[in-house]
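Take the sequence shown: its position 274, counted from the start at 1, is 268 in the numbering used here, and no numbers get skipped.
Note that the Cβ used here is the ideal one computed from N, Cα and C, for glycine as well.
Note that the structure is a prediction, hence the values are computed from the model and not measured.
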Amino acid sequence: MINAGKNMDWWRKARFGMFIHWGLYSLAGGWWEGREVPFPSEWIMKNGKIPLKDYKKQAGLFNPIKFDAREWVKIAKQTGMKYIVVTAKHHDGFAMYHTKVSPYNIADATPFGRDPIRELAEACRAEGVVFCIYYSQMQDWEHPDGAGNTWDFPDEDKKDFGRYIEERVKPQLHELLTNYGPVGIMWFDTPYEMPKKYCEEIADFVRGIQPQCLINSRIGYGLGDYRSMGDNSIPVASYPHDWETPMTLNDSWGFKEGDDNWKLPETLLRMLVDINGNGGNFLLNVGPDALGVIPDRCVKILKTLGDWLKVNGESIYETTPAPDFPYVLNWGGFTARENRLYMHVFQWPESPYEILVYTFKTKVKNAYFLSDKSKTPIKVLQTYESGRDEYRMRVLLPEKPIDSLDTVIVLELEGKPEIYH
Ligand code: H79
């Protein structure tokens, strides 16, 4: 993989972004002709084998009059998210921006008639959030030569994938990269059977227009700038490249009526800490509904995260990978920045209210709660074990946690945050 970090600065500092899945599938909301279609709602067309001509009829009904780009971007910002990745075209092939390449787009085919991608790009710029685009480059269930639609276009021999790339993908990428200002990431998805030639062509095409634009690894063949982990998967240790985990808030990416399997704020925070501690970014998804509203329940969960980050953001942004401890930290986990380690205590210890950490290469100079502006020292008892050449420490805590979700303790170290293995 992966270009050696060129242009990665903003991305490495950001650490937390908002994914937005919004499309015609948000109108169906996972239900078709009165029946729930299993799995994520953005897949409804394929999973329900819905004929293109029927799926397309949704466009005439799609009128998200409550859509307010500024509001979405403000929600992201208040959640502490530094970038937004929004679906300009998902696998269903419907463009959520005003493309001139095909009439199958939100501005031309719906009563709504606006270009939400433009509005979001402008709102992001106004609010200082990095604007990024999701584009499904291989699957397109509307184009007869795109991949994936085997029910409307069953005759595989007739398909000319190269024609789809030339007629649809490149012209649309050209629009997205020339009409909406600087794009932080062009986020591609699922290149499974795509010939290398096309992947290289697309990567070159993007970089030819916006050289600073990052490309995720789902372009294929190691051509991306950073590694996208599998959907909803978090590696258990740090990973020797820049990487990012895309994660759903409930089960579906697109809005799905009745999908109430919401993750708890403490679960999400734990994921954020685990991901950051292992050197990755967290791209957390919301699925706005057919009216253009991010569901209340999402907003509430995000607000809890945002409130925590307002106090504790120093332990998340601009972090570098924390050491991989060779034992389970059953109280929580570490993030790291310069000569500081941040202990994220999710599970407060029972009496005697202390946490033991060993195998440190260096001494703790100073310890305090991150939320404590006066930095009142927390007691840390340290011993040097000459036989093992390591520092062991006992962090002595009060009986009750400071924060109900995750209490952060700053450990200022004499040396670098390194441990013995
Ligand atoms: O956009 C979201 C997903 O729709 C997309 N990636 C995230 C970011 C994605 N595209 N392909 N895949 C995920 C992998 C496909 C998984 C599948 Fe399935 C398992 C296809 C069929 C079985 C999930 C479950 C989708 C349909 C059923």
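The ligand FMN heavy atom lying under 7 Å from the CB of residue i
i           : result
residue 225 : Inclusion of the ligand FMN in the displayed structure is not the case, the ligand content consisting of the ligand H79 alone.
Beta-ladder partner(s) of residue i, from DSSP
i           : result
residue 349 : 389
residue 81  : 128
residue 29  : 26
residue 402 : 338
residue 237 : 221, 274
residue 330 : 314, 335
residue 375 : 388
residue 361 : 405
residue 208 : 179
residue 141 : 133
residue 12  : 78, 278
residue 354 : 385, 413
residue 89  : 83, 99
Residue i: CB within 7 Å of a non-hydrogen atom of the ligand H79
i           : result
residue 253 : no
residue 240 : yes
residue 33  : yes
residue 41  : yes
residue 30  : no
residue 37  : yes
residue 183 : yes
residue 247 : yes
residue 15  : yes
residue 84  : yes
Selected residue, minimal CA-CA separation from residue i, among the options
i           : options            : result
residue 283 : 84, 17, 2          : 17
residue 418 : 94, 183, 232, 133  : The structure shown does not extend to residue 418, since the chain is modelled only from -5 through 415, so no value can be given for it.
residue 193 : 164, 279, 145      : 164
residue 246 : 218, 279, 273      : 279
residue 185 : 208, 130, 45       : 130
residue 143 : 49, 263, 385       : 49
residue 379 : 147, 353, 349      : 353
residue 253 : 291, 263, 277, 275 : 291
residue 70  : 333, 322, 296, 360 : 296
residue 24  : 189, 267, 38       : 38
residue 395 : 347, 387, 35       : 347
residue 92  : 349, 174, 265, 67  : 174
residue 96  : 112, 27, 68, 169   : 169
residue 64  : 330, 287, 376      : 287
residue 416 : 145, 199, 141, 149 : For residue 416 there is no data in the structure shown, the boundaries of the chain being -5 and 415.
residue 314 : 178, 412, 34, 80   : 412
residue 42  : 112, 27, 267, 148  : 27
residue 400 : 372, 303, 414      : 303
residue 51  : 119, 19, 113       : 19
residue 100 : 58, 117, 122, 116  : 58
residue 260 : 300, 40, 277       : 300
residue 320 : 351, 1, 208        : 351
Supposed contact pair residue j and residue i - C-beta distance, whole angstroms, cut 8 Å
i           : j           : result
residue 281 : residue 257 : The pair is not a contact, with the Cβ atoms about 13 Å apart (cut-off 8 Å).
residue 197 : residue 167 : So it is not a contact: roughly 11 Å between Cβ atoms.
residue 336 : residue 357 : Actually they are not in contact, since the Cβ atoms of residue 336 and residue 357 sit about 17 Å apart, beyond 8 Å.
residue 21  : residue 55  : 6 Å
residue 126 : residue 202 : With 8 Å as the limit, residue 126 and residue 202 do not qualify as a contact, their Cβ atoms being about 18 Å apart.
residue 5   : residue 275 : 7 Å
residue 181 : residue 220 : About 11 Å; that fails the 8 Å criterion.
residue 410 : residue 333 : 6 Å
residue 36  : residue 248 : 4 Å
Do the segment 397 to 413 and the segment 302 to 321 make contact, defined as three or more Cβ pairs closer than 8 Å? yes
Does the segment 357 to 375 touch the segment 319 to 326, meaning 3 or more C-beta pairs lie closer than 8 Å? Taking a cut-off of 8 Å for Cβ pairs, the segment 319 to 326 and the segment 357 to 375 do not touch, as fewer than three such pairs fall below it.
When you compare the segment 264 to 280 with the segment 228 to 236, are there three or more beta-carbon pairs, one atom per stretch, that lie closer than 8 Å? yes
Give a yes or no on contact between the segment 133 to 148 and the segment 74 to 92, applying the rule of three or more CB pairs nearer than 8 Å. Output reads yes: the segment 74 to 92 touches the segment 133 to 148.
Any contact of the segment -1 to 19 with the segment 59 to 78, i.e. 3+ C-beta pairs under 8 Å? Yes, the segment -1 to 19 touches the segment 59 to 78.
Decide yes or no for the touch test of the segment 340 to 354 against the segment 381 to 391: beta carbon pairs closer than 8 Å, at least 3 of them. yes
Three-pair Cβ contact test at 8 Å for the segment 108 to 117 versus the segment 148 to 163: no
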